[in-house]
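K.L.:
Numbering (the working numbering), first residue to last: 935 to 1251. Note that the Cβ used here is the ideal one computed from N, Cα and C, for glycine as well. Sharing a structure, written as structure tokens. Questions coming.
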């Protein structure tokens, strides 16, 4: 990676309110073309950090660079290079989609073509529709079109799918994936772990103002010892000890279900099926469940028995 590939750089960032430090010297970086997931519970410091990156809030310590510029001292040229999609927006309901995006395009020196932007946001058939008549998912796409009309190099997406139904949420996922394909850098905050696991190339989990962990979803799962869960139904004469000997792993029994965890699920599932075939045993209801980001988030962001503000497991990337 070259220096020019790093579009956001945060070093030892600190912020206090009323004498109480809320962001405790965090450090991370975002590379060009990444979808970067910034996760944490309410009150973890996400909004404060994002507002500092966007240049809307002053920091108390540390260094911040976005597109090679300190946001605290950035001017209009820099603002023309970033796009913002806020968690909530109040658009005039009587304006059409085209009128709304056109109005915001005038804030930029070199805006993209309005109709092309509307199309890229998945609203080609709604350009002449009044905003007040759109569905929640369509209004969210208008927010994204506004964020894109300045042709930003970095797009900040704050909870873009909150309140959307499953179909609209998946439509937004497709839009974000298309932004990645076109080379945009996306800074994404979300409370939906499935969303972050699917979209984010790299993830930071923030807890009480410190970085609890950072890396890819797979790296975070592996670092915490999470493994794929394999469950199945076996005939009554087959017990956990027999299966354990066959797969070389500890097998637990939960009613009629047998369960074990595996770091190499393909190998162990093959061994299980080979053993069942040799023994003439019929296994039904086989389920292979890989570790999810939900498991990681619950363990790291809200650890049981540990007060907020514990020792960070992450640090400088």
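Counting pairs of Cβ atoms below 8 Å between the segment 1113 to 1125 and the segment 1033 to 1048, do you hit three or more?
P.N.:
no
K.L.:
Name the two residues that bound the continuous alpha helix (DSSP H) containing residue 1131.
P.N.:
Locating residue 1131 in the chain shown gives position 197, where the first residue counts as 1. Segment 1127 to 1133, the alpha helix (DSSP H) holding residue 1131.
K.L.:
My output table needs one value for residue 1099: the three-state DSSP class, helix, strand or coil.
P.N.:
Here residue 1099 corresponds to residue number 165 of the chain shown, with the count starting at 1. If DSSP states are grouped into helix, strand and coil, residue 1099 belongs with coil.
K.L.:
What does the Cβ neighbour count give for residue 1220, buried or exposed, with the cut at 16 atoms within 10 Å?
P.N.:
The residue you call residue 1220 lines up with position 286 of the chain shown. Exposed: under 16 other Cβ atoms inside 10 Å.
K.L.:
In whole angstroms, give me the CA-to-CA distance for residue 1113 and residue 1091.
P.N.:
Taking the first residue of the chain shown as position 1, residue 1113 is located at position 179. Taking the first residue of the chain shown as position 1, residue 1091 is located at position 157. Roughly 12 Å separates the two Cα atoms.
K.L.:
Less than 8 Å between the beta carbons of residue 974 and residue 980, yes or no?
P.N.:
Along the chain shown, one-based indexing puts residue 974 at 40. Along the chain shown, one-based indexing puts residue 980 at 46. Against a cut-off of 8 Å, the Cβ pair of residue 980 and residue 974 comes out as a contact.
K.L.:
Run through DSSP, which three-state label would residue 1077 get?
P.N.:
In the chain shown, the residue the question calls residue 1077 occupies position 143. The answer is helix: DSSP assigns residue 1077 an H, G or I state.
K.L.:
Considering Cα atoms alone, identify which of 945, 1026, 1153 is closest to residue 994.
P.N.:
For this step, residue 994 is matched to residue 60 along the chain shown. Closest in C-alpha terms to residue 994, from the list 945, 1026, 1153, comes 945.
K.L.:
Could you pull the start and end residues of the beta strand (DSSP E) that residue 1018 belongs to?
P.N.:
Indexing the chain shown from 1 puts residue 1018 at position 84. Run containing residue 1018: 1016 to 1019, per the beta strand (DSSP E) assignment.
K.L.:
Are there three or more Cβ pairs, one per stretch, closer than 8 Å when the segment 1096 to 1113 is compared with the segment 1067 to 1077?
P.N.:
These segments touch.
K.L.:
Helix, strand or coil for residue 1083 per DSSP?
P.N.:
Position 149 of the chain shown, counted from the start, is the residue given in the question as residue 1083. It is coil, neither helix nor strand.
K.L.:
Using only CA atoms, which one of 988, 967, 1183, 1172 lies nearest to residue 1134?
P.N.:
Counted from its first residue, the chain shown places residue 1134 at position 200. Nearest option by C-alpha distance: 967.
K.L.:
Could you tell me if residue 951 is buried or exposed, where buried requires 16 or more neighbouring beta carbons within 10 angstroms of its beta carbon?
P.N.:
For the purposes of this step, residue 951 is identified with residue 17 of the chain shown, where counting begins at 1. By the neighbour-count rule (16 or more Cβ atoms within 10 Å), residue 951 is not buried but exposed.
K.L.:
Does residue 963 come out as helix, strand or coil in the three-state DSSP assignment?
P.N.:
Residue numbering aside, residue 963 sits at position 29 when the chain shown is read from its first letter. Reduced to three states, the DSSP call for residue 963 is strand.
K.L.:
Among 1041, 1079, 1039, which residue has its Cα nearest to the Cα of residue 1057?
P.N.:
Taking the chain shown and counting its residues from 1, the one referred to as residue 1057 is at position 123. Out of 1041, 1079, 1039, 1079 has the C-alpha closest to the C-alpha of residue 1057.
K.L.:
Helix or strand or just coil, what does DSSP make of residue 1197?
P.N.:
Position 263 of the chain shown holds residue 1197. The answer is coil: DSSP assigns residue 1197 none of H, G, I, E or B.
K.L.:
Does the beta carbon of residue 1105 fall short of 7 Å from some heavy atom of the ligand HEM?
P.N.:
Ligands are entirely absent from the displayed structure, and the ligand HEM is therefore not among its contents.
K.L.:
Taking all protein chains shown into account, do 16 or more other C-beta atoms lie within 10 angstroms of the C-beta of residue 1041, making it buried, or fewer, making it exposed?
P.N.:
Numbered from its first residue, the chain shown carries residue 1041 at position 107. By the neighbour-count criterion, in which a residue is buried when 16 or more other Cβ atoms sit within 10 angstroms of its Cβ, residue 1041 is exposed.
K.L.:
Using only the alpha-carbon positions, how far apart do residue 1019 and residue 1226 sit?
P.N.:
In the chain shown, residue 1019 corresponds to position 85, counting from 1. In the chain shown, residue 1226 corresponds to position 292, counting from 1. Going from the Cα of residue 1019 to the Cα of residue 1226 covers about 27 Å.
K.L.:
Roughly how many whole angstroms lie between the Cα atoms of residue 1200 and residue 1209?
P.N.:
On the chain shown, residue 1200 is found 266 positions in, with the first residue counted as 1. On the chain shown, residue 1209 is found 275 positions in, with the first residue counted as 1. Distance between the alpha carbons of residue 1200 and residue 1209: 14 Å.
K.L.:
Who are the Cβ neighbours of residue 1183 in its own chain at under 8 Å, not counting the five residues just before and after it?
P.N.:
For the purposes of this step, residue 1183 is taken as the residue at position 249 of the chain shown. Excluding sequence neighbours, residue 1183 sits near 1194, 1195, 1196, 1202.
K.L.:
Apply the 10 Å Cβ neighbour rule to residue 1302 and answer buried if 16 or more other Cβ atoms are within range, or exposed otherwise.
P.N.:
The displayed coordinates of the chain run from 935 to 1251. Any statement about residue 1302 would go beyond what the structure contains.
K.L.:
Would you be able to state if there are at least three C-beta pairs under 8 Å between the segment 1080 to 1088 and the segment 999 to 1018?
P.N.:
yes
K.L.:
Which residues in the same chain have their Cβ closer than 6 Å to the Cβ of residue 958, if we skip the five residues on either side of it in sequence?
P.N.:
For this step, residue 958 is matched to residue 24 along the chain shown. Once the five neighbours on either side are set aside, the close Cβ partners of residue 958 are 1143, 1144.
K.L.:
Check each candidate in 1043, 1065, 1066, 1055 and name the one with the smallest Cα separation from residue 1082.
P.N.:
As a working note, residue 1082 is residue 148 in the chain shown. The option with the nearest alpha carbon to residue 1082 is 1055.
K.L.:
Can you give the Cα-Cα distance for residue 1228 and residue 1128, rounded to whole angstroms?
P.N.:
The count along the chain shown starts at 1 and reaches residue 1228 at position 294. The count along the chain shown starts at 1 and reaches residue 1128 at position 194. Cα-Cα distance, rounded: 8 Å.
K.L.:
How far does the alpha helix (DSSP H) with residue 1010 in it reach, from first residue to last?
P.N.:
Taking the chain shown and counting its residues from 1, the one referred to as residue 1010 is at position 76. Counting along the chain, the alpha helix (DSSP H) containing residue 1010 begins and ends at 1010 to 1013.
K.L.:
Specify the secondary structure class of residue 1088 as computed by DSSP and reduced to three states.
P.N.:
The residue given as residue 1088 occupies position 154 in the chain shown. Strand at residue 1088.
K.L.:
If you draw a straight line from the C-alpha of residue 997 to the C-alpha of residue 943, how long is it?
P.N.:
Numbered from 1 along the chain shown, position 63 holds the residue referred to as residue 997. Numbered from 1 along the chain shown, position 9 holds the residue referred to as residue 943. Going by the C-alpha atoms only, they are around 8 Å apart.
K.L.:
Using only CA atoms, which one of 1212, 1126, 1065, 1038 lies nearest to residue 1098?
P.N.:
Taking the first residue of the chain shown as 1, we reach residue 1098 at position 164. Checking every option, the nearest Cα to that of residue 1098 belongs to 1126.
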